[in-house]
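Sequential numbering from 22 applies to the sequence shown in the numbering used here. Where is the CB? At the ideal position from N, CA and C, for every residue including glycine. Here's the structure, in structure tokens; my notes come after.
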Amino acid sequence: MDTPVALVTGSGKRLGRKIALALAETGYDIIVNYHQSVADARKTEKLIRQMGRKTVLIKADVRRPDHIKKMFNEVIKKFGKIDVLINNAAIFPKKTELPNIPESIWDDVIDSNLKSSFLCAQEAAKYMLRQKSGKIINIASLGAFLSWKNYIPYNVSKAGVVMLTRSLAKALAPYITVNAVAPGTIIVPGEEVLSEHLPTMDRIPMKKYGKPADITAAVLFLLQSEYITGQIIGVDGGATIP
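Structural data, given as structure tokens:
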């Protein structure tokens, strides 16, 4: 049986690593993409190999079209195809009031969170359309639906990811499905979380924070479906319920 191949951007650590490992455990060969965290990426690579899966480590700045083209060329050279793209790479800026947000921060957040997802999807689609098959999953955020006055660039970038998902789903049908998972507050074991990033429990109907397994379950669910496209699955304990 032909082994499926998945590229997970920003999969050296944190949630990206958890997604990559979940896919490997399910039977995917994995492309581990990273930008600066090479030691973390090598750990992800090692864990995947221990599962008996094939993997390749690719350094690429997904804000740059030339890096993206080179990355996909390497993927095709190594595996001959690309079945799944998970657009996970993103940044979360520091808390900043509107008058103090420099243009450089705006540009960096939009480029890292939105532009990168567009460019990677655009490049992946070239190969997926030739194959007449493929799945793209964007990692959005509850920040796409809730407005935070001190994180405006992030809100806008993730809201853009939601509309990008819907537009790509129409543009790439009927051969490619495009969906998004919008995490709420997810606690990754061993990762420090600033208290300012933790909402109070009265804002979460389920009265608890999420786990990486909650996100990977949603990703795997979407990968199993051949008929769901253009949808955004919120995994936030009900935090975005009106």
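Kindly indicate the opening and closing residues of the beta strand (DSSP E) around residue 201. Residue 201 sits at position 180 when you count from the first residue of the sequence shown. Taken as a continuous stretch (DSSP letters only), the beta strand (DSSP E) holding residue 201 covers 197–204.
Taking all protein chains shown into account, do 16 or more other C-beta atoms lie within 10 angstroms of the C-beta of residue 38, making it buried, or fewer, making it exposed? Counting from 1 along the sequence shown, the entry for residue 38 is found at position 17. Under the 10 Å beta carbon count, residue 38 is surrounded by 16 or more other beta carbons and is classified as buried.
Spatial neighbours of residue 249 within its chain, please: CB distance less than 7 Å, with the 5 preceding and 5 following residues excluded, ordered by chain position. Here residue 249 refers to the residue found at position 228 of the sequence shown. Within the same chain, Cβ atoms closer than 7 Å to the Cβ of residue 249 are found at 198, 200 and 243, the five residues on either side in sequence being excluded.
Quick one: using the 10 Å Cβ neighbour count with 16 as the cut-off for buried, is residue 74 buried or exposed? What you label residue 74 is simply residue 53 of the sequence shown in a count that begins at 1. A buried status is given to residue 74, since no fewer than 16 other beta-carbon atoms sit within 10 Å of its beta-carbon.
Among the residues of its own chain, which have a CB less than 8 Å from the CB of residue 36, if the five just before and after it don't count? Indexing the sequence shown from 1 puts residue 36 at position 15. Only 109, 160, 204, 207, 209, 233 and 236 meet the Cβ criterion.
From residue 132 to residue 84, what distance separates their C-alpha atoms? For this step, residue 132 is matched to residue 111 along the sequence shown. For this step, residue 84 is matched to residue 63 along the sequence shown. Between the C-alpha atoms of residue 132 and residue 84 there is a straight-line separation of about 6 Å.
Give the DSSP-derived three-state secondary structure of residue 108 in the structure shown. For this step, residue 108 is matched to residue 87 along the sequence shown. If DSSP states are grouped into helix, strand and coil, residue 108 belongs with the strands.
Strand pairing of residue 253, partner residues [DSSP]: By 1-based counting over the sequence shown, the position of residue 253 is 232. For residue 253, which the question treats as bridged, DSSP gives the partners 201.
Quick check: is the beta carbon of residue 209 nearer than 8 Å to any beta carbon in chain D? Structure shown: chain D not included; a single protein chain is present.
Verify whether the separation of the beta carbon atoms of residue 44 and residue 27 is less than 8 Å. Here residue 44 refers to the residue found at position 23 of the sequence shown. Here residue 27 refers to the residue found at position 6 of the sequence shown. The Cβ-Cβ distance between residue 44 and residue 27 falls below 8 Å.
Is it buried or exposed for residue 119, if we count other Cβ within 10 angstroms and need 16 for buried? Within the sequence shown, residue 119 is the residue found at index 98, counting from 1. So residue 119 counts as exposed.
With a Cβ-Cβ cutoff of 8 Å, do residue 172 and residue 181 count as a contact? Within the sequence shown, numbered from 1, the residue matching residue 172 stands at position 151. Within the sequence shown, numbered from 1, the residue matching residue 181 stands at position 160. When the beta-carbon positions are compared, residue 172 and residue 181 stay at least 8 Å from each other.
Identify whether residue 172 lies in helix, strand or coil by the three-state DSSP scheme. Your numbering for residue 172 matches position 151 in the sequence shown. Three-state result, residue 172: coil.
Residue 149 to residue 121, Cα distance in whole Å? In the sequence shown, residue 149 corresponds to position 128, counting from 1. In the sequence shown, residue 121 corresponds to position 100, counting from 1. Taking the straight line joining both Cα atoms gives about 42 Å.
So what's residue 77 in DSSP terms, helix, strand or just coil? The residue labelled residue 77 in the question sits at position 56 within the sequence shown. In the structure shown, residue 77 adopts extended strand secondary structure according to DSSP, grouped into three states.
How many whole angstroms separate the CB atoms of residue 76 and residue 54, which I take to be in contact at a CB cut-off of 8 Å? Translated into positions along the sequence shown, residue 76 becomes position 55. Translated into positions along the sequence shown, residue 54 becomes position 33. Not confirmed; about 11 Å, so no contact.
Quick check on DSSP: helix, strand or coil for residue 241? Taking the first residue of the sequence shown as position 1, residue 241 is located at position 220. Reduced to three states, the DSSP call for residue 241 is helix.
Of all the beta strand (DSSP E) runs that stay within the bounds of the stretch 50–103, which reach a length of 3 or more residues? For the beta strand (DSSP E) assignment, the uninterrupted runs of no fewer than 3 residues enclosed by the stretch 50–103 are, from N- to C-terminal side, 50–55 and 76–80.
First through last residue of the beta strand (DSSP E) which encompasses residue 142: Along the sequence shown, one-based indexing puts residue 142 at 121. No beta strand (DSSP E) holds residue 142; the alpha helix (DSSP H) holding it covers 137–152.
Return the first residue and the last residue of the alpha helix (DSSP H) that residue 130 is part of. For the purposes of this step, residue 130 is taken as the residue at position 109 of the sequence shown. Where residue 130 is concerned, the enclosing alpha helix (DSSP H) stretches over 124–131.
CA nearest to the CA of residue 33, picked from 60, 257 and 226: By 1-based counting over the sequence shown, the position of residue 33 is 12. Considering only 60, 257 and 226, the residue with the shortest C-alpha distance to residue 33 is 60.
In angstroms, rounded to a whole number, what distance separates the CA positions of residue 57 and residue 80? Residue mapping note: residue 57 aligns to position 36 of the sequence shown, counting from 1. Residue mapping note: residue 80 aligns to position 59 of the sequence shown, counting from 1. It is roughly 8 Å from the alpha-carbon of residue 57 to the alpha-carbon of residue 80.
Three-state class that DSSP yields for residue 236 in the structure shown: By one-based count along the sequence shown, residue 236 stands at place 215. Reduced to three states, the DSSP call for residue 236 is helix.
Within 10 Å of its beta-carbon, does residue 239 have 16 or more other beta-carbons around it, so buried, or fewer, so exposed? Taking the sequence shown and counting its residues from 1, the one referred to as residue 239 is at position 218. Flag for residue 239 reads buried.
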